[in-house]
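The working numbering numbers the first residue of the sequence shown as 311 and each following residue consecutively. Heads up, the thing below is written out as structure tokens.
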Amino acid sequence: MKNSYSPNNKIFRTIVLSGEIDESSVKDAIQTISFINEIDEGKEEVEPIKLIINSVGGSMYDGFALIGVIETSYVPVYTYGYGSIMSMALPILVAGDKRFGHSLATFMYHECLDSMPYDQITVLKENLEETDRLMAMYDEYITSNTTLTQKQLNKVKNKKIDWHFGSDEALSYNIINEVI
């Protein structure tokens, strides 16, 4: 029997986001989620989409694009963290309707920094303002969808460290709903 890409096929509904988060890596995820939503439009019962994440992060713009698609998806998107769920991968995982983290996964939060060009002081100031705006969105998204507080996130940023933690701690902050 030939393997088909039917919308009910669980393999078809599994998306892997691995490596750097950029335009290229989120493109397939966005297209697949959108396509499944078109197919399932109007159905009362739908099979959830499974988004497997293993990423050290990347572009905030591309990550927020994927979050927007996940949030507006009619079909539930369940997120699964394996390996690395770091930087921009963290709020993507948090965007899931149900969120899972493997017992060997490592999560990481830190103060994000967009690339700063070597340019005139005016351009540097504009980039810093944009980075501040993105960082505020990043923090707001995490604090709105978990039990982490802005005070806890500011403590990490003030120490200028990367905060690494495991699945049990992620569960305690409602970053994930279940350790697998």
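Cβ atoms here follow ideal geometry from the backbone N, Cα and C, with glycine treated the same way. Treat the numbers as computed from the prediction; the structure is a model and nothing was measured.
Over what stretch of residues does the alpha helix (DSSP H) that includes Ser482 continue unbroken? Working through the sequence shown from its first residue, we reach residue 482 at position 172. From DSSP, the alpha helix (DSSP H) with Ser482 extends over Ser477 to Ser482.
Per DSSP, which residues does Asn364 bridge with? Please list them. By 1-based counting over the sequence shown, the position of residue 364 is 54. According to DSSP, which records beta bridges pairwise, Asn364 is partnered with Ser328.
Measuring CB to CB, does Ile492 end up less than 8 angstroms from Leu376? Absent from the structure is residue 492, since the part of the chain shown begins at 311 and ends at 490.
The ligand GTP and Asn347: does the residue's C-beta get closer than 7 angstroms to at least one heavy atom of that ligand? The ligand GTP is not among the ligands present in this structure, which contains no ligands whatsoever.
Selection from Gly393, Ala446 and Lys408 that minimises the alpha carbon distance to Ile485: Your numbering for residue 485 matches position 175 in the sequence shown. Ranking the options by Cα distance to Ile485, first place goes to Lys408.
Skipping 5 residues on each side, what residues in its chain have a beta carbon closer than 7 angstroms to that of Val326? As a working mapping, residue 326 is identified with position 16 in the sequence shown. Contacts found: Ile362.
Residue burial classification, Thr457 (beta-carbon count within 10 angstroms, cutoff 16): Counting from 1 along the sequence shown, the entry for residue 457 is found at position 147. Exposed.
To the nearest whole angstrom, what separates the beta carbons of Val404 and Ile343, a pair I think is in contact under 8 angstroms? In the sequence shown, the residue the question calls residue 404 occupies position 94. In the sequence shown, the residue the question calls residue 343 occupies position 33. The C-beta distance from Val404 to Ile343 rounds to 16 angstroms, too long to fall under 8 angstroms, and the pair is not in contact.
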